[in-house]
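So the sequence shown is residues 499 to 760, counted in this note's numbering.
All C-beta atoms, glycine included, are put in the ideal place defined by N, C-alpha and C.
No experiment lies behind these values; they were computed from the predicted model shown.
This report refers to the structure that appears directly beneath it.
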Amino acid sequence: MTLIALSTASTYPESTAHAFGYAASVGYDAVEVMVGIDSLSQQTSAIKQLSDHHDMPVCAIHAPCLLWTQRVWGSDPWVKLERSADLALAVGADVVVVHPPFRWQKEYAAGFVDGIAALEESTGIAFAVENMYPWRASSRRGMEMYLPSWDPSEHPYANTTIDLSHAAIARSDVIEMADRLGSRLRHVHLTDGSGSAKDEHLVPGRGGMGAGAFLAHLAEQDFEGHIVLEINTRRCSTREERVGDLTESLAFAREHFAVRTA
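Structure below.
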């Protein structure tokens, strides 16, 4: 059964502990832990305790590969991925989400495709490489900032992630991308975007990505991976407003993926 999970990034700047509490109270099936600057997100014992306390399984670990987590767990990107796999194994997750290397990480990028395959072989964990986007400051053509590319469908990764907000920036058709990936699509970051140059991570249904149709398509294809709500609630001024966005997002996922989960 596909799990509908909440990313701990969805409740930032509140802590990882708060994210588990939100996920349990709203009714999510599981949590994806974004390893970040919050020290709790880096600690195996803390995540285990939170999972046990809230009776909330961890389905995935998001490796610390964002710009603002470049120094989390050191500067060696392969060490970060190895530690992410260790954490996943320790807490019962079966997926590590990873971004492709930045353009300036040339040595890492040169061995990335083969290195990811080797990590999957040695750990038994699915490293689901996420779609990113060209960087653009306007409507003009963007600059390639990820190597070997921002589109995982162009490379032979065994496992991949589709993020709808990233696809909105890239102006990618997510259903077409899912069809190109086929069974290699292992993980989804369910969110939305308007097509601006900003990584908006809107509540699904509030943007222009056809998130409902995308979920229905996945259901028709018997998608068996995780669907993780990764939305931006930083503008919420109250707890009630944040709970509202998290509740709306979960309801949207369950409604439009009902063919598969019924």
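Query	Result
Using C-beta distances below 6 Å, list every residue in its chain close to Thr759, excluding the 5 sequence neighbours before and after it, in chain order.	Confidence at Thr759 is low in this model, with a pLDDT of 46, below 50, so its placement is unreliable and the value that follows should be read with caution. Same-chain partners within the cutoff: there are none.
Indicate the three-state DSSP secondary structure (helix, strand or coil) for Trp633 in the structure shown.	strand
Going by CA-CA distance only, name the one from Trp576, Ala528, Arg569 that's closest to Pro555.	Ala528
Give me the residue from Cys557, Ala607, Asp553 with the minimum Cα distance to His687.	Cys557
Under 8 Å between the Cβ atoms of His685 and Ala626?	yes
Please state whether the Cβ-Cβ distance between Asp697 and Leu662 is less than 8 Å.	no
Can you look up Ser508 in the DSSP assignment and give me helix, strand or coil?	helix
At least one CB of chain B closer than 8 Å to the CB of Ser735: is that the case?	The structure shown has no chain B; it contains just one protein chain.
Which of the three DSSP states is assigned to Glu530 in this structure?	strand
By Cβ distance below 6 Å, which residues in the same chain neighbour Ile623 in space, the five residues on each side in sequence not counted?	Ala583, Ala586, Val594
Go through its chain and collect everything with a Cβ distance to Phe610's Cβ below 6 Å, but skip five positions before and after it.	Pro599
Please confirm whether Ala717 and Ile673 have their CB atoms less than 8 Å apart.	no
Considering only C-alpha positions, which residue in the set Trp648, Ala656, Trp633, Asp720 is nearest to Glu619?	Ala656
Quick check: His653 and Asn629, are their CB atoms within less than 8 Å of each other?	no
Can you tell me the Cα-Cα spacing of Trp633 and Tyr644, whole angstroms?	9 Å
Nearest to Ala749 by alpha carbon, out of Gly703, Glu739, Val570, Thr509?	Gly703
Label Ser637 either buried or exposed according to how many other C-beta atoms from any shown protein chain fall within 10 Å of its C-beta, with 16 as the threshold for buried.	Since pLDDT at Ser637 reaches only 49, below the 50 mark, its modelled position is unreliable, and the value read off the structure follows with that caveat. So Ser637 counts as exposed.
Taking all protein chains shown into account, decide if Glu738 is buried (16 or more other Cβ within 10 angstroms of its Cβ) or exposed.	exposed
Given a cut-off of 8 Å on the beta-carbon distance, is the pair Thr509 and Ala517 in contact?	yes
Please return the same chain residues whose Cβ sits closer than 6 Å to the Cβ of Arg601, not counting the five positions on each side in sequence.	Met643, Leu645
Count the other C-beta atoms from every protein chain shown that fall within 10 angstroms of the C-beta of Leu565, then say buried if there are 16 or more, exposed otherwise.	exposed
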